[in-house]
Structures are given as C-alpha cells and as structure tokens.
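K.L.:
Before I ask anything, here is the structure I am working with.
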Amino acid sequence: MSPEDLDKVGFREKYTGELQALVDEVIELGRLCYERLQGVTGVLSMEDITPARELVLGDKEVNRKEYNINSNAVTLITTQAPVATDTRIIISSIKIAYDLERISDNIGNLGEVRKRVKITNEKLLLRLSTMEQLASLMLKDVLTAYLEQDASLCEEVYERDEDIDSLFVHVTTSDIFEETDLFVTGQSQLCAKYLERIGDHVKNIAEHVYFVLTGDKIEKLD
1 MSPEDLDKVG FREKYTGELQ ALVDEVIELG RLCYERLQGV TGVLSMEDIT
51 PARELVLGDK EVNRKEYNIN SNAVTLITTQ APVATDTRII ISSIKIAYDL
101 ERISDNIGNL GEVRKRVKIT NEKLLLRLST MEQLASLMLK DVLTAYLEQD
151 ASLCEEVYER DEDIDSLFVH VTTSDIFEET DLFVTGQSQL CAKYLERIGD
201 HVKNIAEHVY FVLTGDKIEK LD
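Going by the UniProt record's numbering, the first residue of the sequence shown is number 1, and it counts up by one from there.
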C-alpha cells in the first residue's frame, strides 16, 4: 500500500472515530437526562427543597454537553464533507441533543415548581408519577433503539406518547379541581404540562432515531 493510500485509510479511520464519538456523546447526554428524570415527581412533595435546587442547577451540565455536540457536529460537516448517510447521523445528532436539552429544561422546571410550592394531593401525585414513569421508560427505550438500531422500537415509543397525553388530559380536567388553593392548582397544572412536554420531546427523538436508521419518517397512524 502506497503512502498516499495509507494516508487515506488513516484519514477515514479518524473520521469514523469522530463520527462515532459524536453518537456516543448523544447517548451519554440521553443517559444523563434519563438519570435526571428518575424520581423527579417525588421532589414535589418533599419537605426539603435541596433536591429541587439540585434539579435546577443540574441543567447547566446538560446545556454544556448540548453545546459540545453542536460544535462537534458543525466541525464534522465543515471539515469532512460527509456522505449522505453520515450527514443524516450528524444532523440528527443536533436535533436529538436539542430535544434532550428541552427534556432537561422541563425537569428543571419541575424543580422550580417545588421551590414555589409543596404538592400534597396524593391522587394528583400518583398521576404525575405515572406520567414520569411512562416518559422515563420511553426515553430508556429510545436510547436502546439507537444503540441496537431497532427501528420498530422507535415506532413503538412514538405511539406510546399517547398514554402520557391521556394522563395529562385526565389530570387537568379532573384531579386538579380537588385543590381549593388556586396557586397550588396552577402549579400542579404546570407540572402536568412539563411532563407532557417531556413525552413530546422523547417522541421527537424517536422520529430522529428512526430517520437515522431508515432514512424515512415514521408513518403516522392517525
């Protein structure tokens, strides 16, 4: 093999490594958001607001990681002239990182609610906890789908967002009215909305991952 050919092989290996590193960064960010989501609704009824403050402060690390992903993605596009398939991975990495950052924002927003008010309605807390668990499992499964290149799992995750939407409607039209304090009612509605948005962003991620794996959009079954 000539020196020129060796250079080409080395260049390709370096590029492949950088592309894989970008994907790994996205997965790492996804895992961080998954960890932040665990038990988030339990914070709403705690006497101690320290965990709520930690939720808010923890968003800074997510923002930093999203920035790094975007910077690395732009560098790959501008310096490596990626082929169509690789471009799909790079652009989707930016989109997935954005949705993960928005998930983290909404987790932080739940912390902000607890800083303002403590929620004690057990039925309401159970509904919110269920929404959290559904979103958490969706996020875990979409990361698994990316790692295992499972397009069918992406479709399943996409459809499961309807369960969170149904709970959101239920919370905001029934349980919420058991509260007599209008301020608590408003903050509770915000909690449900933040969790519903988290589900929406996981649904978006499922679409992005599906596109990476297939080059197509998920066929909506509406």
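Note that CB positions come from ideal geometry on N, CA and C, so glycine has one too.
(1) Excluding the 5 residues preceding and the 5 following L167 in the sequence, name in chain order all residues of the same chain whose CB lies nearer than 7 Å to its CB.
(2) CB-CB under 8 Å to L125, same chain, minus the five flanking residues each way: which ones, in chain order?
(3) Which residues in the same chain have their Cβ closer than 8 Å to the Cβ of L143, if we skip the five residues on either side of it in sequence?
(4) Counting only the same chain and skipping the five closest in sequence on each side, list residues whose C-beta sits under 8 Å from that of Y158.
(5) Could you tell me the boundaries of the alpha helix (DSSP H) in which K65 lies?
(6) In angstroms with no decimal places, state the Cα-to-Cα distance between L139 and S71.
(7) According to DSSP, simplified to helix, strand and coil, what is R88?
(8) Can you grab the Cα-Cα spacing for the pair Q133 / T75, in whole Å?
(9) Could you check whether the segment 144-157 touches the segment 51-67, counting it as contact only if at least three pairs of C-beta atoms, one from each stretch, sit closer than 8 Å?
(10) Would DSSP call S174 helix, strand or coil?
(11) Does Y67 pass the burial test, meaning 16 or more other C-beta atoms within 10 Å, or should it be called exposed?
(12) Counting C-beta neighbours from all protein chains within 10 Å, is the total for G215 16 or more, i.e. buried, or is it exposed?
(13) CA-CA distance, R160 and K95?
(14) For the alpha helix (DSSP H) containing Q133, list its first residue and its last residue.
(15) Take the Cβ of S174 as the centre, count every other Cβ of all protein chains shown within 10 Å, and call the residue buried at 16 or more, exposed below.
(16) So is S152 buried or exposed if we call it buried at 16+ other beta carbons inside 10 Å?
(17) When you compare each of Y194, G199, I49, E25 to S136 by their alpha carbons, which one comes out closest?
(18) Can you give me the C-alpha to C-alpha distance between L57 and A192, rounded to a whole angstrom?
(19) If you measure between the beta carbons of H201 and I103, is that distance less than 7 Å?
(20) When the Cα of N121 is compared with those of Y146, L19, V171, A21, which residue comes out closest?
P.N.:
This is what the structure gives:
(1) R127, T130, M131
(2) T41, L44, S45, I119
(3) I27, G30, R31, Y34
(4) K203, A206, E207, Y210, I218
(5) 50-80
(6) 24 Å
(7) helix
(8) 37 Å
(9) no
(10) coil
(11) exposed
(12) exposed
(13) 20 Å
(14) 122-148
(15) exposed
(16) exposed
(17) G199
(18) 21 Å
(19) yes
(20) V171
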